[in-house]
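The structure under discussion appears below in the form of structure tokens.
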Amino acid sequence: MSASERAEEFAGLAARLSDMRARKPLIHHITNTVVMNDTANVTLAIGALPVMAHAAEEVEEMVALASALVLNIGTLTPALIEAMLRAGRRANERGIPIVLDPVGAGATQLRTQSALRLLSSLRITALRGNAAEVGALLGVAGETRGVESISLAEPRESVALRAAREFGCCVAITGARDIVAAVDPAVGERLAWVDNGHPLLASITGSGCMATTLVGAFLAVEPDAWRACLAALVALGLAGERAAEKAEGPGTFRSHLIDALADLTEESFSRGQKVGLVA
Amino acid sequence: MSASERAEEFAGLAARLSDMRARKPLIHHITNTVVMNDTANVTLAIGALPVMAHAAEEVEEMVALASALVLNIGTLTPALIEAMLRAGRRANERGIPIVLDPVGAGATQLRTQSALRLLSSLRITALRGNAAEVGALLGVAGETRGVESISLAEPRESVALRAAREFGCCVAITGARDIVAAVDPAVGERLAWVDNGHPLLASITGSGCMATTLVGAFLAVEPDAWRACLAALVALGLAGERAAEKAEGPGTFRSHLIDALADLTEESFSRGQKVGLVA
Amino acid sequence: MSASERAEEFAGLAARLSDMRARKPLIHHITNTVVMNDTANVTLAIGALPVMAHAAEEVEEMVALASALVLNIGTLTPALIEAMLRAGRRANERGIPIVLDPVGAGATQLRTQSALRLLSSLRITALRGNAAEVGALLGVAGETRGVESISLAEPRESVALRAAREFGCCVAITGARDIVAAVDPAVGERLAWVDNGHPLLASITGSGCMATTLVGAFLAVEPDAWRACLAALVALGLAGERAAEKAEGPGTFRSHLIDALADLTEESFSRGQKVGLVA
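The listed protein sequences derive, respectively, from chains G, F and X. Letter by letter, the first sequence follows residues 600 to 878 in this note's numbering. Letter by letter, the second sequence follows residues 600 to 878 in this note's numbering. Letter by letter, the third sequence follows residues 600 to 878 in this note's numbering.
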């Protein structure tokens with residue numbers, strides 16, 4: 600593929616940001632209690648509307664109003680997984696995209712099994728995790744310390760592609776370099792990297808959850824899940840870069856990160872995106 | 600009513616702030632997990648003490664220690680509603696004021712029905728919501744996107760008055776212009792507006808919940824619920840105005856908002872209040 | 600004890616900070632939903648890794664991966680206490696240190712009884728609370744307003760020592776002056792104070808919970824619980840002092856506090872520590 604073909608692959612990602620702000624899609628989250636406030640604020644900052652609702656009695660009705668569903672198992676319980684299944688089935692019926700964040704998969708059986716159950720019971724559109732979490736879902740040897748990825752026995756690119764094939768969805772593995780993989784019946788393997796970002800993103804809790812939330816928001820305006828994942832990771836990475844210029848540490852970084860997301864424009868997105876196809 | 604009579608109606612609102620700081624009333628919250636941290640910090644910043652307690656086993660004992668009860672259904676479950684009913688009954692027995700925030704009423708049956716059940720089972724002192732939420736409780740046609748008010752078929756002033764009559768409580772509908780209505784057996788209809796505020800308040804999650812928390816805090820020091828609502832909305836609006844001067848976006852705004860609430864004085868409150876009777 | 604002996608007692612506290620950053624111990628929290636985000640960020644800022652997991656189905660597996668367990672009853676339910684007991688027993692079997700924060704003990708029976716049950720069922724390594732909470736566990740007359748300590752009928756030093764003896768663990772009572780007590784079979788009574796800190800710490804919700812989290816983190820790298828408590832309280836106090844220089848109120852203080860924790864060095868810790876033996 601030539602340089603111009605590559606450039607074309609990523610052209611127009613930035614325009615999804617303007618779509619978001621024009622349409623203000625509702626993003627239904629069933630998510631963890633640790634970063635619920637941050638992910639709600641991230642949703643607003645990127646231009647969408649968040650709603651957090653997890654009671655089994657209401658999730659089907661709520662997801663029917665939404666343009667995307669975010670499932671995040673960061674503080675899971677069996678009751679929460681049931682609510683996720685209910686909401687997910689309804690989302691599938693209505694063709695609403697779903698992103699799953701398998702927080703801490705590999706750390707406990709409950710997390711690994713619950714994530715696999717969601718993947719097998721629902722048509723998940725995108726899976727966003729760190730290397731060890733995605734690896735754990737495939738049984739690849741790796742080390743997770745709590746919800747942190749420590750190491751993985753296999754290159755992340757091949758893990759991402761295997762996961763995309765195995766689970767039939769787009770897979771985003773985030774880290775210093777983000778990897779996004781999809782296996783399309785028509786196009787075949789699609790594998791890209793995103794190099795936007797800053798080390799301070801790893802210094803706060805929930806930057807992975809924020810990435811997942813942004814994937815959900817972009818899925819609401821971009822039908823191609825692979826491109827939605829790329830747009831989300833560019834947006835978070837760019838905001839991280841801008842926020843780091845103003846931050847004096849992780850506490851102030853967190854505030855500036857929300858500011859920077861809200862301040863992103865189609866122009867600054869387009870100019871700043873560092874994205875490419877894996878050779 | 601003459602201009603001087605109008606001015607008199609709102610005289611002394613600011614003095615409640617000094618009462619708050621002198622008395623440090625305990626405000627018991629049974630509230631959502633999204634903005635629990637912000638509402639606790641808002642309570643402290645205005646000069647009261649927050650306690651968040653939702654276990655059915657302890658809410659009656661806790662509310663008996665409190666000077667006001669805040670019920671917020673933002674992340675409701677049936678168990679949480681039961682705890683609210685228990686706490687509310689005890690609050691009623693002891694004459695402790697209650698403010699209800701019907702977050703997302705109109706979006707799902709669970710939310711609409713739970714809010715109505717709380718309103719019919721308890722003597723609620725004040726109801727604080729956005730236009731679509733309050734409208735939904737009356738069956739007025741409107742559009743809620745998740746927890747966001749999109750439109751309402753009827754003027755907010757008349758919705759507020761109808762709700763005040765229907766539910767027998769003070770009603771605050773917040774938005775760019777806040778409306779506060781009460782129907783007093785002796786005085787008759789009371790309808791006022793508050794124009795303090797800033798668009799950045801709508802850019803963060805939970806500014807409605809913060810308004811409700813402030814209503815709870817002012818109810819603890821001001822027996823006239825209508826005036827308590829006005830004082831709360833002036834306080835939040837003024838803090839929003841001050842915070843917006845320093846903020847670079849929604850993330851830094853949120854931090855400055857808490858600073859500005861803590862920094863409010865009787866003098867700056869009195870000087871800055873933009874409040875008036877609806878003609 | 601001579602001045603040089605006293606100095607020796609506190610030598611090397613700062614070195615635990617470097618150990619923390621080198622080892623990055625995993626700190627398992629079963630904690631409240633109000634300040635979960637802050638305590639996760641505090642854990643990262645001091646150099647450890649947080650994991651929040653409370654489902655009964657996974658806590659035993661999770662704590663087995665951790666280097667310390669934090670139990671905080673701030674938003675307790677009976678189910679959460681059961682999860683704490685399960686995790687705590689497993690921690691005891693594996694020799695993992697446990698810190699307990701009896702948030703609101705004395706305010707309701709559920710809180711007082713749950714804290715006492717955890718203390719009698721588990722080998723707790725350290726207990727961190729305010730004066731009224733620790734007093735309530737001993738039946739000392741005092742006044743708690745919600746989760747705030749108002750007054751205590753007995754000097755905090757003697758309460759701390761009695762609690763250390765009664766519960767067989769290290770006891771840290773925090774306030775303007777922090778007190779840390781332990782009763783060692785070999786060494787006898789150990790009683791120290793920490794004077795680091797700033798009034799703004801009392802202006803935000805959860806600074807007590809942050810102290811508890813830091814005790815958990817230092818317990819993971821310092822086998823002497825008394826020294827771990829001192830190191831934790833010096834770290835929080837010093838960060839509070841630094842943050843106060845930059846803060847314009849409680850909202851910005853909270854962000855700067857996380858920055859300041861992340862910015863602490865062995866050198867600044869050592870130079871700034873204000874700690875001494877109670878005469």
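Here a beta-carbon is modelled for each residue, glycine too, at the ideal position from N, C-alpha and C.
Cβ-based burial, residue i [other Cβ within 10 Å; buried from 16]
i: Gln-872/G; result: buried
i: Asp-777/F; result: buried
i: Glu-821/F; result: buried
i: Ala-714/G; result: buried
i: Pro-649/X; result: buried
i: Pro-784/X; result: exposed
i: Glu-657/G; result: buried
i: Ala-838/G; result: buried
i: Leu-876/F; result: exposed
Where residue i falls: helix, strand or coil (DSSP)
i: Leu-675/G; result: coil
i: Val-733/G; result: helix
i: Thr-811/G; result: helix
i: His-855/G; result: helix
i: Arg-776/G; result: coil
i: Gly-632/F; result: The sequence as given places Thr at residue 632/F; Gly does not occur at that position. Coil.
i: Leu-876/X; result: strand
i: Glu-847/G; result: coil
i: Ala-694/X; result: One point to set straight first is that residue 694/X is Gly, not Ala, in the sequence displayed. Correct three-state label for Gly-694/X: coil.
i: Ile-749/X; result: strand
i: Thr-711/X; result: helix
i: Val-793/X; result: strand
i: Ala-639/F; result: helix
i: Phe-609/F; result: coil
i: Glu-756/G; result: helix
i: Val-833/G; result: helix
Identified DSSP bridge partners for residue i
i: Cys-769/F; result: Ala-725/F
i: Val-782/X; result: Glu-788/X
i: Asp-700/G; result: Asn-671/G
i: Leu-648/F; result: Leu-625/F
i: Arg-620/X; result: Answer is none; Arg-620/X lacks a bridge partner.
i: Gly-741/F; result: Leu-751/F
Close beta carbons around residue i, own chain, < 8 Å, minus the five adjacent residues each side
i: Leu-718/F; result: Leu-699, Leu-726, Leu-736, Phe-766 and Cys-768
i: Arg-710/X; result: Ile-672, Leu-675, Pro-701, Val-702, Gly-703 and Ala-704
heavy atom of the ligand FAD below 8 Å from residue i C-beta
i: Ala-704/G; result: Ligands displayed in this structure: none; no statement on the ligand FAD is therefore possible.
Best match in the options for proximity to residue i [C-alpha to C-alpha]
i: Met-683/X; options: Asn-631/X, Leu-832/X and Glu-844/X; result: Asn-631/X
i: Ala-816/F; options: Leu-835/F, Pro-798/F and Arg-764/F; result: Leu-835/F
i: Gly-673/G; options: Met-661/X, Ser-666/X, Leu-670/X and Leu-675/X; result: Met-661/X
i: Arg-841/F; options: Ala-830/F, Gly-850/F and Leu-863/F; result: Leu-863/F
i: Arg-693/F; options: Pro-701/F, Leu-668/F and Gly-703/F; result: Leu-668/F
i: Thr-676/G; options: Pro-649/G, Arg-688/G and Gln-708/G; result: Gln-708/G
i: Ala-830/G; options: Ile-645/G, Ala-639/G and His-627/G; result: Ile-645/G
i: Ala-639/F; options: Leu-856/X, Gly-850/X, Gly-875/X and Val-877/X; result: Gly-850/X
i: Gly-805/G; options: Met-619/X, Thr-642/X and Gly-745/X; result: Thr-642/X
i: Leu-860/F; options: Arg-685/F, Pro-798/F, Met-809/F and Arg-716/F; result: Met-809/F
i: Met-635/X; options: Ala-647/X, Met-651/X and Arg-744/X; result: Met-651/X
Nonlocal neighbours in the same chain, by C-beta distance under 6 Å from residue i, ignoring five residues either side
i: Arg-755/X; result: Ala-730, Ile-772 and Ile-778
i: Asp-794/G; result: Arg-776 and Lys-873
i: Cys-828/X; result: Ala-725, Cys-769, Ala-771, Val-779 and Val-814
i: Gly-734/F; result: Gly-741, Leu-751 and Val-758
i: Ser-748/G; result: Asn-729, Ala-730 and Ala-731
Cut-off 7 Å between Cβ atoms - residues of its own chain near residue i, not counting five sequence neighbours on either side
i: Leu-664/F; result: Leu-625
i: His-653/F; result: Ile-629, Leu-679 and Ala-682
i: Arg-622/F; result: Val-820
i: Val-739/X; result: Leu-751, Ala-752, Glu-753 and Val-758
i: Ile-697/G; result: Leu-668, Leu-670, Gly-687, Ala-690, Leu-721, Ile-723 and Thr-724
i: Val-833/F; result: Leu-612, Val-793, Asn-795, Phe-868, Gln-872 and Val-874
i: Ile-803/F; result: Pro-849, Phe-852 and Arg-853
i: Arg-761/X; result: Leu-737
i: Glu-608/X; result: Leu-876
i: Leu-856/F; result: Ala-838, Gly-839 and Ala-842
i: Ala-614/X; result: Glu-865
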